[in-house]
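Listed in order, the protein sequences are those of chains A and B.
Here my numbering is used: the first residue of the first sequence is -3, the next is one more, and so on.
Here my numbering is used: the first residue of the second sequence is 6, the next is one more, and so on.
Glycine is no exception: its CB is placed at the ideal position from the N, C-alpha and C atoms.
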Amino acid sequence: MKVGVLAFQGAVREHMNMLKRAGAEPVAVKREKELYEVDALILPGGESTVIGKFLRETELGRIIIERAKSGMPVWGTCAGMILLAKRIVNENYVHLGLMDIWVRRNAYGSQLDSFIVRRPVLAVSPKPLELVFIRAPYAEKASPGVEVLLELDGKIVAARQNNLLATAFHPEVTDDPSFHKFFLEMVSSDCE
Amino acid sequence: MEERYGQDTNAHPDRYSLNKNLAEMLKGGVIMDVTTPEQAKIAEEAGAVAVMALERVPADIRKQGGVARMSDPKIIKAIKQAVSIPVMAKCRIGHFVEAQILEAIGVDFIDESEVLTPADEFCHIDKKKFKVPFVCGARDLGEALRRIAEGAAMIRTKGEAGTGNVVEAVRHIRTINAQIRKLQNMPREELITAAKEMGAPYELVLYVAQHGRLPVVNFAAGGVATPADAALLMQLGCDGVFVGSGIFKSENPEKRARAIVKAVAHYDDPEILAEVSEDLGEPMPGLELERLESRYAERGW
C-alpha cells in the first residue's frame, strides 16, 4: 500500500521511515501525479503557515480536499492537524477545512513550553506511548461526529472522524510505530 | 561530577530531544533575518518557517563596523508579538548572559553567532545549561560535533554572512559532507584517531560514521542571495536555509522571499527554479571575499 507524505516542508523523513517500519511504501508528495498515486496521505509536522501556503498556491490543496471527501484516509500531525481543521481559533482562515474540530495554534506557548508525556491511547495501543508536543496545537472542541482518541487536561490532542485522523503530537519522532500501524489499518479497511 | 558542573538543563533527555525535534520540524524551510515587526510579517506571509530577530542585518553590521551585540530585547519582543512562527535571536559567541536574557524573554531558538563580535575567544556557551535550543555555525565536521557536544540542537554552515556571496557556505557544506563520507568508510579502530584529529567526541564521531549524517539538522547559512543559491545548498544536502541580508537588502524583498521559499521546497526541479528566478529585481550587492576587512567565519573554533 502506498502512503504519501506531503513533502513541501517539515518532518517528512521521519514519517517516511516510520511508514516503512509499519509495512507501507512511502511516497514523498509534492506534485499532482504523486498525489494521485497514493492510497492515503500524511500531513507532517512543520509550519502550518508554510505548508498551507503551498497547498493554496498549487493544485494539491484542492485535490486533497476532493480525494479526502471521497474517502482517502488523511492523517495530520501537529501542523497537519491545523491544516485539517474546519476552524482555527482566533484566525479568519482555514486551510483544508475537512475535520470538525476547533484548533488553537501554538496552544501551549513557545518552545520552552514544549513537552513529552507518556500515556496509553486506548484505540491505538494499551501500553503508554511517548507523546511529543512541539509548539503544539490542541482542539478546544469537536463536533459529535468526531471520535476523541485522547484528551490531555481536557483538551483534545488525538481524534478521528471517519477517514480523517489528527494528532497534536508527533508519533513520527518516537521509536514506536503503533500510531502509523493504526493509520495503516484505517487505510486497509478503506480499501476493502 | 554533577555537583562540580551543576545541573544540565538540556541533559534531561526529553528537553534535548524536544529541541532537536523542533529543528527537524524546520526542515525544508527558510529562516529569514528581520529587523522590524513589519519585516517579520512580510517574511511570515512569504512562507518563512521562522524569523531571526535582529537590530541590524549582517550586511549593515559589516558596513558600520564596531562591536556587534545581542539586539535590544524590546525589538525581539515586538517581533515575537507580530508573528506566529518561531522566533530566533542571536547572542555573541561565549556570551552566556546574553543567552540567559534571550531565554528569559522566551525566544524559540538562540543562534550563538559569529556574525556578532565574539565575547569569549576560548569558550563557546555551555548550551546544556539552557532549556532553550541553540543553533551554531560550523565550517567543518569537527567544529559541528564540538558544538553538538556543547548542546547545540541544530547546526548551520557559517558561510560568510552579509556578503551575498555563497562560496563559503558551499565550501563548508562540501567539507562536512566529504568528512562524513570519509568516516563512513573507516574501520572502527580508525574512528578514535579521526576523533582525536578533528577534536570531536568519539561517541559523536561514531554516530556520524554509523548514520552517515549529523545527529542534528544542518542548515545552510551565510551569503545566500538568490533562489538558485538556496537550491544549490539544498542539492548539496542541507536541510534548509537561513537568509540574512539577502532578502531585505534586495530591491523587492517580498518577491525574493517568496521565490527563495519556493526554491527551497522545489530545490530539485529546475523548471520551477527557472520560474521563480524570473524578474526578481536587483539582489543585494555582493562582496568579494578577498576585499573583506573581517572574515566572520573565522570567529569561533
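Item: is_contact[VAL46(A), chain B] using C-beta, thresh 7 angstroms; Value: yes
Item: Proximity of PRO124(A) and ARG131(A) at Cβ, strictly below 7 angstroms; Value: no
Item: CB contact flag (VAL34(A), LYS(-2)(A), <7 angstroms); Value: yes
Item: Chain B contact for LYS42(A) (CB, 7 angstroms cutoff); Value: A quick correction: the sequence has Gly, not Lys, at residue 42(A). Cβ-Cβ to chain B under 7 angstroms: yes for GLY42(A).
Item: C-beta contact flag for LYS32(B) and VAL222(B) at 7 angstroms; Value: yes
Item: Whole-angstrom distance between GLU148(B) and HIS176(A), CA atom to CA atom; Value: 37 angstroms
Item: MET6(B) at chain A interface by Cβ criterion, 7 angstroms; Value: With a pLDDT of only 45 at MET6(B), under the threshold of 50, the placement of this residue in the model should not be trusted; the figure read from the coordinates follows. Chain A contact via Cβ: absent.
Item: Assumed close pair VAL88(B), VAL112(B) - CB separation to whole angstroms, cut-off 8 angstroms; Value: Going by Cβ atoms, the distance from VAL88(B) to VAL112(B) rounds to 12 angstroms, so no, they are not a contact pair.
Item: Where GLY169(B) sits in the DSSP three-state scheme; Value: coil
Item: Spatial neighbours of GLN184(B) in its chain, beta-carbon cut-off 7 angstroms, leaving aside the 5 residues before and after; Value: ASP145, LEU146
Item: PRO22(A) - partner residues in DSSP beta bridges; Value: VAL(-1)(A)
Item: Residues of the stretch 157 to 177 of chain A with Cβ closer than 8 angstroms to any Cβ of chain B, in chain order; Value: HIS166, VAL169
Item: Proximity of VAL85(A) and PHE178(A) at Cβ, strictly below 7 angstroms; Value: no
Item: Length of the line joining the Cα atoms of ILE112(A) and PHE129(A); Value: 6 angstroms
Item: Whole-angstrom distance between PRO288(B) and LYS254(B), CA atom to CA atom; Value: 8 angstroms
Item: CB contact below 7 angstroms: LEU108(A) versus chain B; Value: yes
Item: Close-in-space but distant-in-sequence residues of the same chain around MET6(B) (CB under 8 angstroms, 5 per side omitted); Value: For MET6(B), the predicted model reports a pLDDT of 45, less than 50, meaning its position is unreliable; a value from the coordinates is still stated below. If we look at MET6(B) and ignore the five residues flanking it on each side, it has no Cβ neighbours.
Item: For LEU118(A), the nearest candidate out of ASP171(A), PHE50(A), PRO69(A), ARG156(A) (CA to CA); Value: ARG156(A)
Item: Test: ASN223(B) CB closer than 7 angstroms to a CB of chain A; Value: no
Item: Contacts of VAL137(B) in chain A (Cβ-Cβ under 9 angstroms); Value: SER106, GLN107, LEU108
Item: Test item: CB-CB of ALA235(B) and VAL210(B) under 7 angstroms; Value: no
Item: The stretch 99 to 117 of chain B in contact with the stretch 52 to 60 of chain A per 3-pair CB rule at 8 angstroms; Value: no
Item: Residues within the stretch 111 to 142 of chain A neighbouring chain B, beta-carbon criterion of under 8 angstroms; Value: PHE111, ILE112, VAL128, ILE130, ARG131
Item: Bridge-paired residues (DSSP) for ASN158(A); Value: In the DSSP output, where bridge partners are listed per residue, ASN158(A) has none listed.
Item: Cβ contact (3+ pairs, closer than 8 angstroms) linking the stretch 79 to 96 of chain A and the stretch 293 to 306 of chain B; Value: no
Item: 8 angstroms Cβ cut-off: residues of chain B touching GLU10(A); Value: GLU29
Item: Same chain, Cβ closer than 8 angstroms to PRO90(A), five either side skipped, listed in chain order; Value: Here residue 90(A) is Val; the residue named in the question, Pro, does not match the sequence. Answer for VAL90(A): ALA81, LYS82, ARG83, ILE84, listed in chain order.
Item: Residues sharing a beta bridge with TYR212(B), DSSP; Value: According to DSSP, TYR212(B) bridges with nothing at all.
Item: Positions along the stretch 74 to 90 of chain A whose CB lies within less than 7 angstroms of some CB in chain B; Value: none
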